[in-house]
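Engineer:
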Amino acid sequence: MAAETAKTPRTERGRKTMRAILDAAAIEFGTNGFGDTSIVSITQRAKVALGSFYTYFDSKEEVFRALVQDMSAQVGKHAASAMSGADNALERERSALTAFLQFAREHKEIYRIIDEAEFADPESYRAHYEGSAVRIFERLQEGSATGDLAEELSEAHAWAIMGMNVFLGLRYGVWSEEKSAEEIAAVANQILSRGIAQR
């Protein structure tokens, strides 16, 4: 669900309507881009009245911002669910990346939407990546505390892992699906666990 606002729906029907609007907005923005998407096209795809849109959002910019926040939250939720049974820090990272790759394959529009956010809503764009990095860094700190990972890991390590994950998602989630999500996550996990230097 999008970030809590004064317009947060209070009924199940309202939640379903807002969800329909956000899902339709994802397809419209993901297909046509921010500039060529209109409120009318979103409501037509969502099969809701124009008035219903304005019950929850004041503008195209506002629904776009809510969509970026919603997609970022969905990514975090998928990763958290996938990691719940992992035994150690490296396994958590593999599970998180596998879940992200699967999410990207099901929601290929996420890349265009996040990329457009850099210009359409820079604050949400930055918040998306900063929030993701914080979650990864917290996992790294937990792994260090349990002895699974090195002690000297920093925020920069979290950003490096996120960068790797983002581009693996682009290459093997959006551009092609020639390898399974598990295979790609295993490659990334090998980099984290062993590095690429000749030993």
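Numbering-wise, the sequence shown is residues 57 to 255 according to my numbering.
For every residue, glycine included, the Cβ atom is placed at its ideal position computed from N, Cα and C.
Here the structure is a predicted model, which means the values were calculated and not measured.
#1: Ile-95 to Thr-111, Cα distance in whole Å?
#2: For Arg-182, report the span of its alpha helix (DSSP H) as first-last.
#3: To the nearest whole angstrom, what separates the beta carbons of Glu-172 and Gly-89, a pair I think is in contact under 8 Å?
#4: Would Lys-133 be called buried (16 or more neighbouring beta carbons within 10 Å of its own) or exposed?
#5: Do you know how far the Cα of Ala-80 is from the Cα of Arg-101?
#6: Taking Gly-251 as the reference, give the member of Glu-234, Ile-217, Leu-226 and Ile-83 with the closest Cα.
#7: To the nearest whole angstrom, what separates the beta carbons of Phe-120 and Ala-176, a pair I think is in contact under 8 Å?
#8: Which runs of the alpha helix (DSSP H) at least 4 residues long sit entirely within the segment 106-172? Give them in chain order.
#9: Would you call the segment 200-212 and the segment 226-242 in contact, with 3 or more CB pairs under 8 Å?
#10: So what does DSSP say about Glu-81, is it helix, strand or coil?
Structural biologist: In this structure, then:
#1: 13 Å
#2: 178-202
#3: 6 Å
#4: exposed
#5: 6 Å
#6: Ile-217
#7: 6 Å
#8: 106-112, 116-139 and 145-162
#9: Of all C-beta pairs linking the segment 200-212 to the segment 226-242, fewer than three are shorter than 8 Å, placing the two stretches out of contact.
#10: Strictly speaking, residue 81 in this sequence is Ala, with Glu absent from that position. Shown here, Ala-81 sits in a helix according to DSSP, grouped into three states.
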